[in-house]
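Taking it in order: structure first as structure tokens, then the write-up.
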Amino acid sequence: DQQGTSRQQQLEWDDSTLTY
Amino acid sequence: GGYEVPNRLRTLHNLVIQYASQGRYEVAVPLCKQALEDLEKSSGHDHPDVATMLNILALVYRDQNKYKEATHLLNDALAIREKTLGKDHPAVAATLNNLAVLFGKRGKYKEAEPLCKRALGIREKVLGRSHPDVAKQLNNLALLCLNQAKYDEVEYYYKRALEIFESKLGGDDPSVARTKNNLATCYLKQGKFKDAETLYKEILTRAHEKEFGSVNNDNKPIWMHAEEREESKSKQKDSGPYVEYGSWYKACKVDSPTVNTTLKSLGALYRRQGKLEAAETLEECATKSR
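Line order of the protein sequences matches chains A and B. To convert a position in the first sequence, counted from 1, into the numbering used here, add 1480. To convert a position in the second sequence, counted from 1, into the numbering used here, add 2.
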């Protein structure tokens, strides 16, 4: 379950790179 | 400011996304490459449109798990943006962040960290230290540090992010529960089980209160039911079905991916402490809300 918790964490991509 | 993505690039972007979502990369990639070539001919390499197009193609490569190719393109885009928009532009921060994500996906956390820190510095400077975008950047930085077992830093970054989310978005925002959950993971890795437990209970209580109002004797979050069930176990051997616990069904109805993860994690903590009834109560609740 601890693994389950860390698996959920993901680096967040910033989609605003396409709006500049 | 000053620059807007031209309509034809927007249209192209939508088209590329459509192809990519259908897995038709053999169409999406050449389309991007042709557009890049055309743009470079008409505007030169160091043009914001070229940078945007590079970002679009990088996204397609990312979706194909071609992280090296994507990184190469983003580095190029970064250089163009620094030249054309200035070093402290939000677009530069966003590109740095995405570069860090790509390194992270390849397990290169050490390489990713300075990029993430630079992105953070820019966002703090441009947006102020307590903007939600700063908190998002802190979350990414914390995760990179978590993967390097730098727990003191992880705690510091998550706590800062949490403060920002709570003050700017309010305690009921999903970002708050998510960040608390992440911080709890860091506590678990360090064996700080009590701290993790406190956070998990906070998440569950808050979610419950949001749905059903203040906690009182007749309105308890699921973990309180779980602990009561654990305690009553010793007094009466068979504690019977959950129906006995008045608001059990209510307590169990709080549903979100974060709450679900939290139920499982707190369940695992109870199990560690030998509180098997309490653990089962939460685990069953997690299964139900699936």
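Just so you know, even glycine gets a beta-carbon here, dropped at the ideal spot from N, CA and C. Keep in mind it's a predicted model, so treat the numbers as computed, not measured.
Counterpart residues of residue i in DSSP-defined beta bridges
{"i": "asparagine 221 of chain B", "result": "B/Asn218"}
Simplified DSSP assignment, three categories, for residue i
{"i": "leucine 201 of chain B", "result": "helix"}
{"i": "threonine 187 of chain B", "result": "helix"}
{"i": "arginine 10 of chain B", "result": "helix"}
{"i": "alanine 151 of chain B", "result": "coil"}
{"i": "tyrosine 1500 of chain A", "result": "coil"}
{"i": "histidine 74 of chain B", "result": "helix"}
{"i": "asparagine 67 of chain B", "result": "coil"}
{"i": "glutamine 1490 of chain A", "result": "coil"}
{"i": "arginine 26 of chain B", "result": "coil"}
{"i": "serine 267 of chain B", "result": "helix"}
{"i": "lysine 138 of chain B", "result": "helix"}
{"i": "glycine 130 of chain B", "result": "coil"}
{"i": "glycine 193 of chain B", "result": "coil"}
{"i": "arginine 274 of chain B", "result": "helix"}
{"i": "lysine 35 of chain B", "result": "helix"}
{"i": "aspartate 51 of chain B", "result": "helix"}
{"i": "aspartate 1495 of chain A", "result": "helix"}
{"i": "lysine 112 of chain B", "result": "helix"}
Beta-carbon separation (whole angstroms), residue i vs residue j, contact threshold 8 Å
{"i": "leucine 11 of chain B", "j": "arginine 64 of chain B", "result": "Incorrect: roughly 18 Å between the Cβ atoms, too far for contact."}
{"i": "alanine 198 of chain B", "j": "alanine 186 of chain B", "result": "4 Å"}
{"i": "alanine 144 of chain B", "j": "phenylalanine 167 of chain B", "result": "That pair is no contact at about 13 Å."}
{"i": "alanine 102 of chain B", "j": "leucine 117 of chain B", "result": "4 Å"}
Interface flag, residue i vs chain A, CB-CB below 9 Å
{"i": "isoleucine 124 of chain B", "result": "no"}
{"i": "glycine 276 of chain B", "result": "no"}
{"i": "glutamate 279 of chain B", "result": "no"}
{"i": "threonine 97 of chain B", "result": "yes"}
{"i": "arginine 83 of chain B", "result": "yes"}
{"i": "valine 178 of chain B", "result": "no"}
{"i": "lysine 235 of chain B", "result": "no"}
{"i": "asparagine 184 of chain B", "result": "yes"}
{"i": "arginine 293 of chain B", "result": "Not covered by the structure: residue 293 of chain B. The range shown for chain B is 3 to 292."}
{"i": "glycine 106 of chain B", "result": "yes"}
{"i": "asparagine 77 of chain B", "result": "no"}
{"i": "valine 52 of chain B", "result": "no"}
{"i": "leucine 87 of chain B", "result": "yes"}
{"i": "proline 92 of chain B", "result": "yes"}
{"i": "serine 241 of chain B", "result": "Here the model assigns serine 241 of chain B a pLDDT of 47, short of 50, so the residue's position is not dependable, and the following value carries that caveat. False, the Cβ-Cβ gap to chain A never drops below 9 Å."}
{"i": "valine 31 of chain B", "result": "no"}
{"i": "histidine 15 of chain B", "result": "yes"}
{"i": "valine 7 of chain B", "result": "yes"}
{"i": "valine 103 of chain B", "result": "yes"}
Chain B within 9 Å of residue i, Cβ atoms only
{"i": "tryptophan 1493 of chain A", "result": "yes"}
{"i": "glutamine 1490 of chain A", "result": "yes"}
Chain E within 9 Å of residue i, Cβ atoms only
{"i": "arginine 120 of chain B", "result": "In the displayed structure, chain E is absent; the protein chains listed are A and B."}
Within 8 Å of chain A by C-beta, residues of the stretch 139 to 157 of chain B in sequence order:
Asn141, Asn142, Leu145, Leu146 and Leu148
So if I threshold CB-CB distances at 7 Å, which residues from the stretch 184 to 204 of chain B count as touching chain A?
Asn184, Thr187 and Leu190
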